[in-house]
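To start, the structure under review is shown below, and the notes come after it.
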């Protein structure tokens, strides 16, 4: 599972709206990019279940969060640091993580797809 985060002028970033279902074998990666900022020297603070892990990354660097996230709320703060000074800070809307057994993961994904399809059908009706 890979999440791509495009950092813009707005300090709040949404990665996903639905809870993320994971199990012990789930691979989770996050990549930061920006159409606005060329010089990205990022410090990423990931807080999950009271534990904070700090990563450093440049533009388009893939960060592996696999095995670090457990069920609960995950908060991510990103700081662009240039010459020791924080020049911009972003906060990702908290992500809900739920742990499931591999057997139920597919059912969870299908129910999310059904919900998204129903939402698209509803939007399609309002366009017509």
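In the numbering used here, the protein residues as written are 14 to 141. The C-beta atom is built at its ideal place from N, Cα and C for all residues, glycine as well. Only a predicted model underlies this, so the values are computations on that prediction, with no experimental measurement involved.
Is it true that the CB of residue 89 sits closer than 8 Å to the CB of residue 57?
Yes.
What is the DSSP secondary structure of residue 128, reduced to helix, strand or coil?
DSSP places residue 128 in helix when its eight states are reduced to three.
Return helix, strand or coil for residue 133, following the three-state DSSP convention.
Of the three classes helix, strand and coil, the one that applies to residue 133 here is helix, per DSSP.
Under the rule that 16 or more other beta-carbon atoms within 10 Å means buried, what is residue 66, buried or exposed?
Classification for residue 66: exposed.
Rounded to the nearest angstrom, what separates residue 49 and residue 26 at their Cα positions?
Their Cα atoms are separated by approximately 14 Å.
In the DSSP output, what is residue 60 paired with across the bridge?
In the DSSP output, where bridge partners are listed per residue, residue 60 has 65 and 88.
Give every residue of the same chain whose Cβ lies closer than 6 Å to the Cβ of residue 84, excluding the five residues on either side of it in the sequence, and list them in chain order.
Contacts found: 110, 111 and 112.
Does residue 87 come within less than 8 Å of chain C when only Cβ atoms are used?
The structure shown contains no chain C; it holds only a single protein chain.
Along the beta strand (DSSP E) that carries residue 102, what are the first and last residues, could you check?
Where residue 102 is concerned, the enclosing beta strand (DSSP E) stretches over 98-112.
Taking its Cβ as the centre, do 16 or more other Cβ atoms sit within 10 Å of residue 45, making it buried, or is it exposed?
The residue in question, residue 45, is buried, as its Cβ has 16 or more Cβ neighbours within 10 Å.
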